[in-house]
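K.L.:
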Amino acid sequence: MTTPITDHHPLFAALRGSLLAVELSDAQVDRLAARCERRELRDGAVLVPEGQSDSHLYLLLQGSIAVVRGHGGAAPTELFTLQAGDTVGELSFLDDHQHYATLVARGPATVLALQRQDFEGLLDSDPRAVYGVMRAIVRRVHQIQHRLSAQANELANYVYKQHGRY
Numbered sequence: 000m001t002t003p004i005t006d007h008h009p010l011f012a013a014l015r016g017s018l019l020a021v022e023l024s025d026a027q028v029d030r031l032a033a034r035c036e037r038r039e040l041r042d043g044a045v046l047v048p049e050g051q052s053d054s055h056l057y058l059l060l061q062g063s064i065a066v067v068r069g070h071g072g073a074a075p076t077e078l079f080t081l082q083a084g085d086t087v088g089e090l091s092f093l094d095d096h097q098h099y100a101t102l103v104a105r106g107p108a109t110v111l112a113l114q115r116q117d118f119e120g121l122l123d124s125d126p127r128a129v130y131g132v133m134r135a136i137v138r139r140v141h142q143i144q145h146r147l148s149a150q151a152n153e154l155a156n157y158v159y160k161q162h163g164r165y
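Residue numbers (numbering that gives the first Met the number 0): 0 to 165.
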């Protein structure tokens, strides 16, 4: 007996291995992949500038993206670097929130971009898929919040141990 070959969308495999697809069936991942766009970025390319709203959720497939405050200014500050598998743009994707920093490719990078309007097109046809992706976004935001809380505690402990002298 042979196993039937299933033709998936070309972006299926990239999306299937991501945290966005954890709760989705293969058919749901395929429908979601059909709504995504693959973008290739060169070194130094700006994905989203600071202060702009962008209705896309990005999944970093390859390379790295720096999150930089004051990019292009006299004293830019690199806050952190995103690696393959990370998502970015969750808040702007959900509510048009402006990006607090510029997203800059560090070397060649590849992202999947999901536009909110395209994603919302799944609401009527596959609300469970939308629910699964939204749960993944909330999990990601929870991870970010946890990391920020840990860093704030570390900073508070450092300042305390230095008796306010740092």
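Note that beta-carbon positions come from the ideal geometry of N, C-alpha and C, so glycine has one too.
#1: Measure the Cβ-Cβ separation of His55 and Gly88 and say whether it is below 8 Å.
#2: Which residues share a DSSP beta bridge with Phe92?
#3: With DSSP collapsed to three states, give me the class of Glu153.
#4: Measure the C-alpha to C-alpha separation of Arg30 and Ala155 and round it to an integer number of angstroms.
#5: Which one or two residues does DSSP pair with Glu36 in a beta bridge?
#6: Which of helix, strand or coil does DSSP assign to Val158?
#7: Thinking Ala33 and His8 are a contact (beta carbons under 8 Å), I'd like their distance in whole angstroms, please.
#8: Count the other CB atoms within 10 Å of the CB of Leu40; is the residue buried (16 or more) or exposed (fewer)?
#9: Cα-Cα, which of His162, Asn152, Gly106, Leu90 is closest to Ser63?
#10: Going by beta carbon distance, what residues of the same chain come within less than 8 Å of Leu93, once the five residues before and after it are set aside?
#11: Grouping DSSP H, G and I as helix and E and B as strand, with all else coil, what is His145?
#12: Quick check on DSSP: helix, strand or coil for Glu77?
#13: My assumption, with CB atoms under 8 Å, is that Leu182 sits in contact with Leu59. Please give the rounded CB distance.
#14: At a cut of 8 Å, does the stretch 10 to 22 reach the stretch 95 to 105 through at least three beta carbon pairs?
P.N.:
In short, the structure shows the following:
#1: For the purposes of this step, residue 55 is taken as residue 56 along the sequence shown, with counting starting at 1. For the purposes of this step, residue 88 is taken as residue 89 along the sequence shown, with counting starting at 1. Yes, they are a contact pair.
#2: Against the sequence shown, residue 92 aligns to sequence position 93. Answer by DSSP bridge pairing: none, since Phe92 is not bridged.
#3: Residue 153 sits at position 154 when you count from the first residue of the sequence shown. Three-state DSSP puts Glu153 in a helix.
#4: Counting from one through the sequence shown, the residue named residue 30 turns up at place 31. Counting from one through the sequence shown, the residue named residue 155 turns up at place 156. Going from the Cα of Arg30 to the Cα of Ala155 covers about 46 Å.
#5: If you number the sequence shown from 1, residue 36 lands on position 37. In DSSP, Glu36 forms a bridge with Ala112.
#6: Residue mapping note: residue 158 aligns to position 159 of the sequence shown, counting from 1. In the structure shown, Val158 sits in a helix (DSSP, three-state: H, G or I).
#7: Counting from 1 along the sequence shown, the entry for residue 33 is found at position 34. Counting from 1 along the sequence shown, the entry for residue 8 is found at position 9. About 5 Å; that satisfies the 8 Å criterion.
#8: As a working note, residue 40 is residue 41 in the sequence shown. Per the 10 Å Cβ criterion, buried.
#9: Here residue 63 corresponds to residue number 64 of the sequence shown, with the count starting at 1. Taking each of His162, Asn152, Gly106, Leu90 in turn and checking the Cα distance to Ser63, the smallest one comes out for Gly106.
#10: Residue 93 sits at position 94 when you count from the first residue of the sequence shown. Closer than 8 Å at the Cβ level, and outside the excluded window around Leu93, lie Arg115, Ile136.
#11: In the sequence shown, counting from the first residue as 1, residue 145 sits at position 146. In this structure, His145 counts as helix in the three-state DSSP scheme.
#12: On the sequence shown, position 78 is the one that residue 77 refers to. Here Glu77 sits in strand by DSSP.
#13: Here the chain comprises residues numbered 0 to 165, so residue 182 is not present and cannot be evaluated.
#14: Under the 8 Å Cβ criterion, the stretch 10 to 22 does not count as touching the stretch 95 to 105, having fewer than three qualifying pairs.
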